[in-house]
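Structure first, commentary second.
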Amino acid sequence: MSKKVLAMLMATATVASTFAPMVGAEDAAEGKVLNIYCWNDEFQTRVKDHFPGYTEVDATHGTIGDVDVVWTITPTTDNAYQNNLDEKLLGQADAAADDKIDLFLLEADYALKYVGSDFTMPVADLGITDEDTAQQFQYTKDIVTDANGVLKGLSWQGCPAVLIYRRDIANEVLGSDDPETVQAAVADWDTFLATAAQMKDAGYLMTAGAADTFRVFSNNVTSKWVTDDNKINIDENIMNWVDLSKQMIDNGYTTTAALWGDDWSKGFYEDGNVFCYFGPAWFFDFSMAGDAEGSVGINGGWAVTEGPQPFFWGGTWIAAATGTDNPTLVADIMKTLTCDQEVMTAIAQTKGDFVNNQAAMEALATDESFGDKILGGQNPISMFLAGIGSIDMSYLSNYDQGCNESFQTAMNNYFEGNATLEEAIELFNTSVIEKYPELSPADVPAAE
96 MSKKVLAMLM ATATVASTFA PMVGAEDAAE GKVLNIYCWN DEFQTRVKDH
146 FPGYTEVDAT HGTIGDVDVV WTITPTTDNA YQNNLDEKLL GQADAAADDK
196 IDLFLLEADY ALKYVGSDFT MPVADLGITD EDTAQQFQYT KDIVTDANGV
246 LKGLSWQGCP AVLIYRRDIA NEVLGSDDPE TVQAAVADWD TFLATAAQMK
296 DAGYLMTAGA ADTFRVFSNN VTSKWVTDDN KINIDENIMN WVDLSKQMID
346 NGYTTTAALW GDDWSKGFYE DGNVFCYFGP AWFFDFSMAG DAEGSVGING
396 GWAVTEGPQP FFWGGTWIAA ATGTDNPTLV ADIMKTLTCD QEVMTAIAQT
446 KGDFVNNQAA MEALATDESF GDKILGGQNP ISMFLAGIGS IDMSYLSNYD
496 QGCNESFQTA MNNYFEGNAT LEEAIELFNT SVIEKYPELS PADVPAAE
């Protein structure tokens with residue numbers, strides 16, 4: 096995305112006035128084409144399976160009554176999804192009715208970029224009330240609430256995350272694979288390090304890579320990446336991650352393997368040597384090779400416990416595009432898929448999502464018939480519920496995605512011995528300012 100486009104998206108205070116009036120007249124005729132922009136088919140499957148009246152035509156088309164549903168699915172690789180979405184939103188005011196975006200999806204790392212613009216509608220303008228969203232977990236609403244306290248999106252899922260560990264390694268090294276025993280061995284970061292030493296002595300890595308723990312630390316900061324005067328800020332807890340990671344790498348407790356890379360994912364298999372990963376329900380259900388021969392998950396070899404700190408990873412938010420000519424249908428989809436407890440329960444049972452409804456999750460947490468195959472039948476919901484109330488999104492900013500990516504890349508140079516810490520932070524500053532020229536560099540600590 097060009098700097099010009101980013102600037103336009105982040106400064107759209109007058110854009111809304113150029114759009115045709117939206118909601119208000121419930122009897123107004125709605126459009127005949129519903130355009131949905133997303134990056135994969137996850138939301139599409141939820142609509143197809145759980146929204147009454149949806150009929151699939153093909154991979155990118157469906158119908159709801161007499162409305163044609165058109166799915167524009169653009170992968171996130173090289174920022175392609177956001178680039179395409181940005182281009183279309185900038186032309187939204189002048190687009191023909193059938194070409195206007197009606198719904199689009201957001202991830203937490205860049206949600207504020209859109210929530211803080213006039214391209215997203217307040218959910219209240221769609222007739223969705225506080226009572227409708229009362230069972231949704233607060234952090235999921237905080238992520239899509241603008242600076243004026245206006246809620247501008249909803250999610251059907253919560254993504255609190257836990258520590259995921261191999262049962263056989265826990266039995267061998269810790270004497271038990273019981274979640275309480277393992278939790279005692281990872282209850283805080285000092286204990287986590289001590290257990291990592293035990294794992295090394297037994298021939299195992301504690302984690303596949305330093306990046307595995309980054310989100311745990313970045314979700315527990317007490318300041319934003321950028322100060323009010325546009326200065327890059329490195330939170331103390333981010334530096335705590337650097338210190339922990341450096342110790343773990345230097346001691347052979349982990350590696351610098353990149354998330355999603357081949358070296359990192361070797362631990363998903365029986366012949367791997369990784370004790371634990373960190374992630375939410377979607378991670379162990381869909382990203383740990385649970386159906387592959389030779390994997391740990393295919394025979395239920397993983398289990399979960401809370402881990403050192405609560406955090407979340409991922410999630411998808413539904414936003415209504417200002418200018419939609421289908422406000423009533425948009426509202427119906429959002430309410431059905433994110434507020435209806437019966438629908439939410441069905442999504443949890445059939446898709447494995449930790450859904451964004453406290454009552455539904457509390458009921459399933461005590462359901463002895465609800466278990467996860469990859470976890471050997473363990474019901475993980477109580478573990479997720481234990482940490483979700485502690486997730487604090489007060490320190491989100493428009494710069495999170497770029498800063499998080501650049502910081503980890505720069506620190507790998509330090510972890511691998513190719514740069515001093517001071518040089519790595521200089522690399523980080525350079526990378527971030529290339530992305531966001533309006534920022535000034537973070538302070539570089541003096542060499543010891």
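Under the working numbering, the first residue of the sequence shown carries the number 96, and numbering increases by one thereafter.
Glycine is no exception: its CB is placed at the ideal position from the N, C-alpha and C atoms.
If we require 4 or more residues per run, which alpha helix (DSSP H) segments fall completely within the segment 123-150?
Runs found: 137-145.
Out of Tyr260, Gln436 and Thr400, state which residue places its alpha-carbon closest to the alpha-carbon of Gly392.
Minimum Cα distance to Gly392 is reached at Tyr260.
Count the C-beta pairs between the segment 180-198 and the segment 144-156 that are closer than 8 Å, then say yes if the count reaches three, no if not.
Under the 8 Å Cβ criterion, the segment 180-198 does not count as touching the segment 144-156, having fewer than three qualifying pairs.
At 4 residues or longer, and completely inside the segment 380-405: list those alpha helix (DSSP H) runs for me, N to C.
With a minimum length of 4 residues, no continuous alpha helix (DSSP H) run stays inside the segment 380-405.
Quick check on this structure: which residue in Gln139, Ile159 and Cys498 has the alpha carbon closest to the alpha carbon of Ile329?
It is Cys498 whose Cα lies nearest to the Cα of Ile329.
Given Asp163, which residues of its chain have a CB within under 6 Å of its CB, disregarding the five upstream and five downstream residues?
Only Val128 meet the Cβ criterion.
Indicate the three-state DSSP secondary structure (helix, strand or coil) for Gln252 in the structure shown.
In this structure, Gln252 counts as strand in the three-state DSSP scheme.
Do the segment 383-397 and the segment 169-189 meet, that is, are 3 or more Cβ pairs less than 8 Å apart?
Short answer: they don't touch.
Backbone CA spacing between Val316 and Thr240 [nearest angstrom]:
Distance from the CA atom of Val316 to the CA atom of Thr240, rounded to whole angstroms, is 19 Å.
Count the other C-beta atoms from every protein chain shown that fall within 10 angstroms of the C-beta of Asn445, then say buried if there are 16 or more, exposed otherwise.
Looking at the sequence shown, residue 445 is not Asn but Thr. Label assigned to Thr445: exposed.
Which residues bound the alpha helix (DSSP H) around Thr167?
Annotation: Thr167 is outside any alpha helix (DSSP H); the continuous beta strand (DSSP E) that includes it extends over Val162 to Ile168.
For Gln404, which residues in the same chain have their Cβ closer than 7 Å to its Cβ, ignoring the five residues on either side in sequence?
Cβ neighbours of Gln404 beyond the five flanking positions: Val311 and Asn315.
Report the residue ranges of all alpha helix (DSSP H) runs contained in full by the segment 280-346; include only those spanning at least 4 residues, in chain order.
Taking only runs of at least 4 residues, the alpha helix (DSSP H) segments lying wholly in the segment 280-346 are 284-296, 309-313 and 331-345.
Would you say Phe146 and Leu432 are within 9 Å of each other, going by their C-beta atoms?
Yes, Cβ-Cβ distance for Phe146 and Leu432 is below 9 Å.
Name, in chain order, the residues that DSSP records as bridge partners for Asp358.
For Asp358, which the question treats as bridged, DSSP gives no partner whatsoever.
Quick one: complete beta strand (DSSP E) runs, 3+ long, within the segment 196-259?
For the segment 196-259, whole beta strand (DSSP E) runs of length 3 or above, ordered along the chain, are 198-201.
If you pair each beta-carbon of the segment 523-538 with each one of the segment 317-325, do three or more pairs fall below 8 Å?
Output reads yes: the segment 317-325 touches the segment 523-538.
For Thr308, the nearest candidate out of Gly356, Phe199 and Gln503 (CA to CA):
When only C-alpha atoms are compared, the closest one is Gln503.
In DSSP terms, what Ile407 is bridged to:
Checking the sequence, you will find Phe at residue 407 rather than Ile. The secondary-structure analysis by DSSP pairs Phe407 across a beta bridge with Pro255.
Ala454 lies in the alpha helix (DSSP H); which residues open and close that run?
Ala454: member of the alpha helix (DSSP H) spanning Gln453 to Ala460, first to last residue.
Excluding five sequence neighbours on each side, which residues of the same chain lie with their C-beta closer than 8 Å to the C-beta of Phe373?
Ala256, Val257, Leu258, Ile259, Thr302, Asp307, Thr308, Arg310, Val311, Gly402, Phe406 and Trp408.
Could you tell me which of Met439, Phe199, Phe379 and Gly160 sits nearest to Gln230, measuring between CA atoms?
Relative to the Cα of Gln230, the nearest Cα in the group Met439, Phe199, Phe379 and Gly160 belongs to Met439.
Got a sec? Which residues, its chain only, sit under 6 Å from Gln496 by beta carbon, not counting five neighbours each side?
Cβ neighbours of Gln496 beyond the five flanking positions: Asp204 and Tyr205.
How about the segment 269-289 and the segment 441-460: do they share at least three Cβ pairs that are nearer than 8 Å?
Per the Cβ contact rule, the segment 269-289 is not in contact with the segment 441-460 (fewer than 3 Cβ pairs under 8 Å).
Compute the Euclidean distance between the alpha carbons of Val539 and Phe523, then round it to the nearest angstrom.
Computed Cα separation, rounded: 10 Å.
Per DSSP, the bridge partner or partners of Ser535:
According to DSSP, Ser535 bridges with Lys326.
Closest residue to Val450 among Val337, Thr411 and Leu424 (Cα-Cα distance)
Closest option to Val450, Cα to Cα, is Thr411.
Start and end of the beta strand (DSSP E) containing Tyr372?
Cys371 to Gly374 is the extent of the beta strand (DSSP E) around Tyr372.
Could you tell me whether the segment 333-343 touches the segment 503-518, where touching means 3 or more Cβ pairs closer than 8 Å?
Result yes; three or more Cβ-Cβ pairs closer than 8 Å.
C-alpha distance - Lys430 paired with Phe378, whole-angstrom precision:
Rounded to whole angstroms, the gap between the alpha carbons of Lys430 and Phe378 is 26 Å.
Going by Cα to Cα distance, which pick from Thr167, Tyr494, Asp220 and Gln177 is closest to Asp194?
Nearest option by C-alpha distance: Thr167.
If you measure between the beta carbons of Ala415 and Asp197, is that distance less than 9 Å?
Closer than 9 Å, so yes.
Return the chain-ordered list of same chain residues with a C-beta closer than 6 Å to the C-beta of Ile476, the five sequence neighbours on each side being excluded.
Hits under 6 Å: Met456, Leu459 and Ala460.
Assign Ala108 to buried or exposed, taking buried as 16 or more other Cβ atoms, counted over all protein chains shown, within 10 Å of its Cβ.
Unreliable positioning characterises Ala108 in this predicted model, as indicated by a pLDDT of 34, which lies under 50. A coordinate reading is not provided.
Pick from Asp272, Leu207 and Lys143: whose alpha carbon is nearest that of Gly244?
The shortest C-alpha separation from Gly244 is found at Leu207.
Between Asn178 and Pro375, what straight-line distance do the alpha-carbon atoms span, to the nearest angstrom?
Between Asn178 and Pro375, the C-alpha separation is close to 27 Å.
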